[in-house]
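Residue numbers (the working numbering), protein chains in the order written: chain A, 179 to 444; chain B, 524 to 932.
The C-beta atom is built at its ideal place from N, Cα and C for all residues, glycine as well.
Owing to the predicted nature of the structure, the values given are computational and were not obtained by experimental measurement.
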Amino acid sequence: MYYVGVDVGASRTKVAILERNKELVGQDIRRSGTDFKATAEEAFTSAADGIPDLREMGFFCVSTGYGRRNVEFAHETRTEIACHAKTAYFFYPGAITVIDIGGQDNKVIKLDEKGRRISFKMNRKCAAGTGAFLEEMSLRLNIPLEEMDQLARKSQDMVELGSYCTVFTATEVLEKIRQGKKVEDIVKGLFLSVLKRVFEMDILSQKVVMTGGVVAHNPYLVEMAKEISGNEILVPPFPQLAGAFGAALFAWELIESNKREVEDEK
Amino acid sequence: MRVEAKPIEATKLLKKVMSDHFYELDEASRTKSKKIAWCTSVGPAELLRGMGFLVYFPENHGAMLGASRMATELIPYANQLGYSPDICSYLTSDIGSYLAKKTPLQKSYNIEAPPRPDVLVFNTNQCRDVKDWFSFYGREFDVPVIGVFTHRSLGKIQDFHIKDVAEQIKALIPILEEVSGQRFDMDRFKEVVALSKKTSELWRACLETASHIPSPWTFFDATIHMGPAVVGRGTKEANEYYEVLLKELKERAKEGIPGVPEERHRVYWEGMPIWGKLRSLSELFSSLKTCVVASTYCNSWIFDQLDPEEPFESMALAYTELFIVRDEDYKESYIQNMYEFFRFNGIIFHDAKTCPNNSNNRYGMPERLSKRLNIPCLVINGDLNDLRCFSEEQAKTNIEAFVEQLEEV
Numbered sequence: 179m180y181y182v183g184v185d186v187g188a189s190r191t192k193v194a195i196l197e198r199n200k201e202l203v204g205q206d207i208r209r210s211g212t213d214f215k216a217t218a219e220e221a222f223t224s225a226a227d228g229i230p231d232l233r234e235m236g237f238f239c240v241s242t243g244y245g246r247r248n249v250e251f252a253h254e255t256r257t258e259i260a261c262h263a264k265t266a267y268f269f270y271p272g273a274i275t276v277i278d279i280g281g282q283d284n285k286v287i288k289l290d291e292k293g294r295r296i297s298f299k300m301n302r303k304c305a306a307g308t309g310a311f312l313e314e315m316s317l318r319l320n321i322p323l324e325e326m327d328q329l330a331r332k333s334q335d336m337v338e339l340g341s342y343c344t345v346f347t348a349t350e351v352l353e354k355i356r357q358g359k360k361v362e363d364i365v366k367g368l369f370l371s372v373l374k375r376v377f378e379m380d381i382l383s384q385k386v387v388m389t390g391g392v393v394a395h396n397p398y399l400v401e402m403a404k405e406i407s408g409n410e411i412l413v414p415p416f417p418q419l420a421g422a423f424g425a426a427l428f429a430w431e432l433i434e435s436n437k438r439e440v441e442d443e444k
Numbered sequence: 524m525r526v527e528a529k530p531i532e533a534t535k536l537l538k539k540v541m542s543d544h545f546y547e548l549d550e551a552s553r554t555k556s557k558k559i560a561w562c563t564s565v566g567p568a569e570l571l572r573g574m575g576f577l578v579y580f581p582e583n584h585g586a587m588l589g590a591s592r593m594a595t596e597l598i599p600y601a602n603q604l605g606y607s608p609d610i611c612s613y614l615t616s617d618i619g620s621y622l623a624k625k626t627p628l629q630k631s632y633n634i635e636a637p638p639r640p641d642v643l644v645f646n647t648n649q650c651r652d653v654k655d656w657f658s659f660y661g662r663e664f665d666v667p668v669i670g671v672f673t674h675r676s677l678g679k680i681q682d683f684h685i686k687d688v689a690e691q692i693k694a695l696i697p698i699l700e701e702v703s704g705q706r707f708d709m710d711r712f713k714e715v716v717a718l719s720k721k722t723s724e725l726w727r728a729c730l731e732t733a734s735h736i737p738s739p740w741t742f743f744d745a746t747i748h749m750g751p752a753v754v755g756r757g758t759k760e761a762n763e764y765y766e767v768l769l770k771e772l773k774e775r776a777k778e779g780i781p782g783v784p785e786e787r788h789r790v791y792w793e794g795m796p797i798w799g800k801l802r803s804l805s806e807l808f809s810s811l812k813t814c815v816v817a818s819t820y821c822n823s824w825i826f827d828q829l830d831p832e833e834p835f836e837s838m839a840l841a842y843t844e845l846f847i848v849r850d851e852d853y854k855e856s857y858i859q860n861m862y863e864f865f866r867f868n869g870i871i872f873h874d875a876k877t878c879p880n881n882s883n884n885r886y887g888m889p890e891r892l893s894k895r896l897n898i899p900c901l902v903i904n905g906d907l908n909d910l911r912c913f914s915e916e917q918a919k920t921n922i923e924a925f926v927e928q929l930e931e932v
């Protein structure tokens, strides 16, 4: 039996496949596009490509993310809040704050020592502090998204950006360009803006686990987070897969704990 | 397959009570047979009825605009006049409805427009917006706009608060006499206050049936069945209706007929309903086997203090001791009392974009209450009427995650 997690996010669809020992044996990440159902199937097929006995051994699938109900081969669903928390606690058990910065939303989830949720908050209906904010800014600055991390690292004199709103920030950025500020200094300012928006959502515990695509593609953001917060900032392996991995862990639990119950009854 | 909740039988009678209310107003408006007063939801309706007015409640029309999902299309008409999208969306959708000449009364009751007012009477216990709302119509219809200014953010209610509000209510009488052409009749006034007290007692009893486990109905049911308490308090028709509803709810409770089949979790709703999403939210909670058992909102039409022997003072007290005009300490104790009575295991705060007075999450209350009661609280962003401020998918994810959290507890 394999355990499959499918995270159909607003921006990307992620698949994680685990063996019984919870080892990650298959994965895929691709744009969610407009046909969530087809994308989930394609991503699953691709992730299962190197696992010839998957169909024979069978699988149990939990889906998550905005498109979780579009995954026809999923047996159960869980919210992405539950899944990110699951992954973060799996790698870093203890009282932690989980920060997921996704394409279109972010989440701050607080867990107690036993991994139970104490509280969670999602961003309001606003792109501030999300991947969408950085995507919009990369377009405005005419810089490929994947180059932002390297640019931010070069900054010597970060530009402070004060606006909350993405549109107002874009105007502010144009103003900074007009003033002759360097692009790398503006990009670092954008990273700081993302972190501020997320950090102001809740009080962080000492240990913070960051997940999501923005963290995966911008490791410098994590370094900045450590510097600004003074907290211990941890990142699980494959942070962009955290939702899918957590869903696969739920799949594992659902089957394995059932098996245990059956064995106990015997 | 999901089991459906057994429908509430009294709904048929509810429809008749509500349609009779609107037809009576419409006829009076067309034939000028009776004077019509517009009144805010917790304005001095008893005084108006006691002086022979038919009473129309624009906030009820606002809720209808929301529930019919006409509001979002109509709000921009008011925005164009300079009424900001950030102020009360009852106000903006109602003014938009007037400007566009579109009302849910047309489809529901074949009534062309809300009744024309002879006088507009507000109480700022809800907010300042109600006065601005009525002032618009005062200018449009060239009729008097009068009202009561309530003290706000009150902890302990002092005698001077009550004396002041009671005097303000009395001061309305000469203007109302002039508009109605009738002298104020104390005996008739007392009769209406007695009837209104009865409405309040019956409505409270209906809401309290939700303390049963499983609850015989939900907050979403109550938002519909509260119609007569809002538009008909102080009338025998409303009281007759709640006698019927209460009997049915008691029977449901006794027989274990639930509002949400297989109820697993019980939740409190703090803040305004999201009128345009009542059905989808009701279905979502039902699918999660979670019953929203009680709410501050539905409780807001309970006026324990009404006393026909002291009609002015008791109205002043009843309308001042409302949750919405109280300070944070009072509100938190109030919700604690609800928690002890209704035995819920989570609270959902609705942060309504355009209704700051009815959004109680903005000064740290969810965090404080979560610690005080040791139960989780969730804040969802939305609005009473403006669906542009509501992300359905995000709200659903939040609610589902909240129920997952309740499962973990």
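Taking a cut-off of 8 Å on C-beta distances, the stretch 290 to 308 of chain A does not touch the stretch 324 to 337 of chain A, as fewer than three cross pairs fall below it.
Residues of chain A whose Cβ lies closer than 9 Å to the Cβ of B:N897 do not exist, since the nearest Cβ in that chain is about 11 Å away. The residues V783, in chain order, have a CB closer than 6 Å to that of B:S809 in the same chain once the five nearest residues on each side in sequence are set aside. If you check each beta-carbon in the stretch 232 to 259 of chain A against every beta-carbon of chain B, the ones closer than 8 Å belong to Y244, R256, T257, E258 and I259. Think of a sphere of 8 Å around the beta carbon of B:E927: the chain A residues whose beta carbon falls inside it are R256, T257, I259, A260 and R295, in chain order. For B:S738 and B:N822, the gap between their C-alpha atoms comes out near 16 Å.
Taken in chain order, the whole alpha helix (DSSP H) runs of length 4 or more contained in the stretch 776 to 829 of chain B are 801 to 810 and 819 to 822.
Across the stretch 873 to 885 of chain B, no CB contact with chain A closer than 7 Å is found for any residue. Close partners of B:E923 in chain A (Cβ separation under 8 Å): T257. Along the stretch 272 to 287 of chain A, going in chain order, the ones with a CB nearer than 8 Å to a CB of chain B are D283.
Under the Cβ distance rule, B:E931 counts among the residues neighbouring chain A, one pair being separated by less than 8 Å. For A:L312, the uninterrupted alpha helix (DSSP H) run begins and ends at G309 to L319, by DSSP. Nearest to A:R198 by C-alpha distance, out of A:W430, A:R375 and A:R438, is A:W430. For the C-beta of B:E916, the chain A residues within less than 7 Å are, from N- to C-terminus, Y244. Within chain B, not a single residue places a beta-carbon under 8 Å from that of A:F428; the smallest gap is close to 10 Å. Using a CB distance cut-off of 8 Å, B:T920 counts as an interface residue toward chain A.
Distances from the CA of A:I321 to each of A:A252, A:G211 and A:V365 were compared; the closest alpha carbon is that of A:V365. Excluding the 5 residues flanking it on each side, A:Q384 has same chain C-beta neighbours closer than 7 Å at N409 and E410, in chain order. Per DSSP, B:C900 is one residue of the beta strand (DSSP E) stretching across C900 to G905. For A:F298, the nearest beta carbon of chain B is closer than 8 Å to its own beta carbon.
Cβ neighbours of B:I634 within its own chain (closer than 8 Å, five residues either side excluded): F545, Y546, D549, T626 and L628.
Collapsing the DSSP output to three states places A:C304 in coil. Contact between the stretch 707 to 725 of chain B and the stretch 852 to 863 of chain B is absent: fewer than three C-beta pairs spanning the two stretches fall below 8 Å. Looking at the DSSP output, A:M388 sits in a beta bridge with A:I277. A:T242 has A:D185 as its beta-bridge partners, per DSSP. In the DSSP annotation of this structure, the continuous segment of the alpha helix (DSSP H) that includes B:K630 starts and ends at P627 to Y632. For B:V753, the CB contacts under 7 Å within the same chain, skipping 5 residues up- and downstream, are S564, F580, N583 and W824 in chain order.
Per the coordinates, the alpha-carbon of B:I780 lies some 27 Å from the alpha-carbon of B:A924. Residue pairing of B:H873 in beta bridges, as defined by DSSP: B:I903. Runs of alpha helix (DSSP H) with 4 or more residues, each lying fully within the stretch 639 to 667 of chain B, are found at 652 to 664, listed in chain order. Just so you know, the alpha carbons of A:T308 and A:I381 end up roughly 19 Å apart.
Separation of B:K558 and B:L699 (C-alpha to C-alpha, rounded to the nearest whole angstrom) is 10 Å. Between the C-alpha atoms of B:I531 and B:E771 there is a straight-line separation of about 8 Å. The straight-line gap separating the alpha-carbon atoms of B:G678 and B:Y853 is approximately 6 Å. Cα atoms of A:E254 and A:N248: separation of roughly 12 Å, rounded to the nearest angstrom.
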